[in-house]
Amino acid sequence: MDTDSIPNENIQSNERFDVYLVGNKHNRIFAVDRNRCKGCKICTSICPYNAIFMGKVKSHRGFIYPIENGKCTACKQCVYICPDFALSIHDAADITEEAK
Amino acid sequence: MVTIKFDLLGHNNEVDLTSRMLPHIWCSGCSLGTNVQSFIRGAISAGLNLDREVVMVSGIGCTGRASGYIEADGFHTTHGRAIAFATGVKLGNPNLEVVVFSGDGDLFAIGGNHFIHAARRKEDLTVICTNNSTYGLTGGQASPTTFENTYTPTTIEKNDKPFDLVNLALGAGAAFVARYTSAHYKILPRIIKEALQTKGMAFIDLISGCPAIYGKKNGYPTGEIMVQNFLESSVDIVPDDEGTYLLPENTAVHFDQGKGYTKIPVGIFRRGEKK
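As they're listed, the protein sequences go chains A and B. If you read the first sequence in our numbering, its first letter stands for residue 1, the second for the next number, and so on. If you read the second sequence in our numbering, its first letter stands for residue 101, the second for the next number, and so on.
Spelled out as structure tokens, the structure:
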């Protein structure tokens with residue numbers, strides 16, 4: 001992970017997904033599927049808030065993948081245009097549980 | 101601090117995608133994934149259950165894989181016979197929504213006759229043509245929609261004049277004819293919904309790109325540049341009573357080697373009766 005270039009502290013990863021808590025109230029989830037992303041950069045060019053940029057580190061498949069920088073408003077434009085089905089936006093309530 | 105349940109993550113349309121076959125085989129920057137996603141969103145907005153009510157038929161080529169990636173019943177037919185096969189499916193069970201999702205090389209080169217006669221007979225199909233102006237799967241040979249003055253490995257100096265698919269469909273008698281590009285992902289689900297609900301043959305000329313093979317030599321080397329090129333060169337048609345927007349000079353797509361697309365007239369050229 002290219003952790004130096006990520007100002008966002010709300011990130012969690014496993015071997016397949018990078019998950020960011022986004023939106024005003026941090027009640028949405030922006031997930032990048034590193035298993036599917038092919039690094040075409042279409043998401044960075046379409047994003048209306050410049051909230052995504054491409055990292056320098058390659059995934060295990062040899063492609064660079066997008067990183068969220070804290071400006072995302074969960075508008076779903078990148079989800080709709082992503083040709084690799086790699087990006088997704090979810091409600092945080094569906095995917096998370098509060099740690100006790 | 102919240103804990104993410106990674107098991108529940110997936111694409112927003114994951115139920116309608118064949119997850120076990122992903123990641124797909126298409127190149128980086130290819131528009132086909134966007135087209136598949138727009139189709140799924142369109143079919144859902146039309147109130148269809150993809151698994152039960154939709155049959156996807158596709159021919160040979162990169163686009164042929166689409167029938168496998170969508171979680172609907174489907175068939176990957178022999179070269180050019182997608183419409184012939186789909187006609188049989190529709191006659192066998194008229195309750196099904198039959199969709200032909202194929203490429204320009206498959207539908208208009210070897211399958212050209214099937215297309216014009218299905219349009220003439222008003223078969224109740226929805227034909228979505230991913231028109232990327234090349235035979236991408238086999239290495240970028242010239243297809244029936246390859247533009248003049250562009251580079252392909254199989255033509256010298258100059259290609260022949262390409263088919264104008266919108267005018268071909270209008271002339272053959274399709275009930276619904278539209279043209280959009282894959283970058284129009286916002287409006288496409290609405291257009292696909294309208295096409296699915298049209299009685300008779302609905303045809304969508306979906307201008308797409310092949311940045312890895314055709315675009316690299318002809319002006320849009322990456323997916324990023326391709327999407328900007330589509331959005332900049334698209335011109336909305338203005339329907340009028342006299343029908344000047346249907347004249348061949350107003351429906352043709354223009355392309356320059358080195359610049360990419362220079363003019364793409366987009367919009368709905370003919371609306372048919374609803375079911």
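Ideal Cβ placement from N, Cα and C applies to all residues, glycine included. This structure is a prediction, so every number in the text was calculated from the model and none was measured.
Comparing the C-beta of GLU41 of chain B with each C-beta of chain A, is any distance below 7 angstroms?
-> Given that chain B is displayed from residue 101 to residue 375, the structure contains no residue 41 of chain B and the question cannot be resolved.
Locate the beta strand (DSSP E) running through ASN231 of chain B, then write down its first and last residues.
-> 226-231
So, is the C-beta of CYS40 of chain A closer than 7 angstroms to a C-beta in chain B?
-> yes
Using 7 angstroms as the limit for Cβ to Cβ distance, is PHE53 of chain A near chain B?
-> no
Name the DSSP bridge partner or partners of ARG152 of chain B?
-> DSSP output for ARG152 of chain B lists no bridge partner at all.
First and last residue of the uninterrupted beta strand (DSSP E) at GLU68 of chain A = 64-68
Determine contact between the segment 142-158 of chain B and the segment 324-338 of chain B, defined as no fewer than three beta-carbon pairs at a distance below 8 angstroms.
-> no
Can you name the residues that DSSP bridges to ILE170 of chain B?
-> B:LEU117
For ASP18 of chain A: DSSP bridge partner residues | A:SER13, A:VAL32
CA-CA distance, CYS40 of chain A and SER128 of chain B?
-> 5 angstroms
7 angstroms Cβ cut-off: residues of chain A touching HIS111 of chain B = PHE85, SER88
Distance between beta carbons of MET301 of chain B and ALA219 of chain B, contact taken as under 8 angstroms = 5 angstroms
Checking contacts by CB at 7 angstroms: is SER45 of chain A closer than that to chain B?
-> yes
Starting from the beta carbon of CYS130 of chain B, find every residue of chain A whose beta carbon is closer than 7 angstroms, and list them in chain order.
-> PRO83
Say whether chain B places a C-beta atom closer than 7 angstroms to the C-beta of ALA93 of chain A.
-> no
Opening and closing residue of the beta strand (DSSP E) in which VAL335 of chain B lies | 334-336
Taking DSSP as the reference, what is the three-state secondary structure of SER88 of chain A?
-> strand
Does the distance from the CB of VAL266 of chain B to the CB of PHE369 of chain B come in under 7 angstroms?
-> yes
Quickly, what does DSSP pair GLN241 of chain B with across the bridge? List them, please.
-> B:TYR235
Compute the Euclidean distance between the alpha carbons of LYS363 of chain B and ALA242 of chain B, then round it to the nearest angstrom.
-> 20 angstroms
Cα separation between GLY353 of chain B and ILE52 of chain A?
-> With the sequence shown as reference, residue 353 of chain B is identified as Val, and Gly is not the correct amino acid for it. Straight-line Cα distance between these residues: approximately 33 angstroms.
C-alpha distance - GLU15 of chain A paired with PHE106 of chain B, whole-angstrom precision = 10 angstroms
Return the CA-CA distance between LYS286 of chain B and ILE292 of chain B, expressed in angstroms with no decimal places.
-> 11 angstroms
Kindly indicate which three-state DSSP category ASP56 of chain B falls into: helix, strand or coil?
-> Because chain B in this structure spans residues 101 to 375, residue 56 of chain B falls outside the shown range and cannot be described.
Got a sec? Which residues, its chain only, sit under 7 angstroms from ASN249 of chain B by beta carbon, not counting five neighbours each side?
-> LYS258, GLN357
Does the distance from the C-beta atom of CYS72 of chain A to that of PHE30 of chain A stay below 7 angstroms?
-> yes
Applying a beta-carbon distance threshold of less than 7 angstroms, which residues of chain A neighbour ILE104 of chain B?
-> GLN12, VAL19, ILE95, THR96
Over what stretch of residues does the alpha helix (DSSP H) that includes ARG181 of chain B continue unbroken?
-> From DSSP, ARG181 of chain B is part of no alpha helix (DSSP H); its letter is neither H nor E.
Taking just the CA atoms, how far does ALA74 of chain A sit from ASP341 of chain B?
-> 42 angstroms
In terms of alpha-carbon separation, which member of B:GLY212, B:PHE208, B:GLU223 lies closest to ALA186 of chain B?
-> B:GLU223
Using beta-carbon positions only, say whether ASP84 of chain A and LYS56 of chain A come within less than 7 angstroms of one another.
-> no
My guess is that PHE330 of chain B and PHE263 of chain B are in contact by the Cβ rule of under 8 angstroms, so how many angstroms apart are they, rounded?
-> Not confirmed; about 19 angstroms, so no contact.
Contact belief for CYS130 of chain B with ALA312 of chain B at Cβ below 8 angstroms, rounded distance in angstroms = 7 angstroms
Do the CB positions of ARG36 of chain A and LEU196 of chain B come within less than 7 angstroms of each other?
-> no
Short-range partners of chain A found in the segment 282-313 of chain B, where Cβ spacing is below 7 angstroms = TYR285
Cross-chain neighbours of GLN357 of chain B in chain A, by beta carbon under 7 angstroms = The contacting residues do not exist; GLN357 of chain B stays about 22 angstroms from chain A at best.
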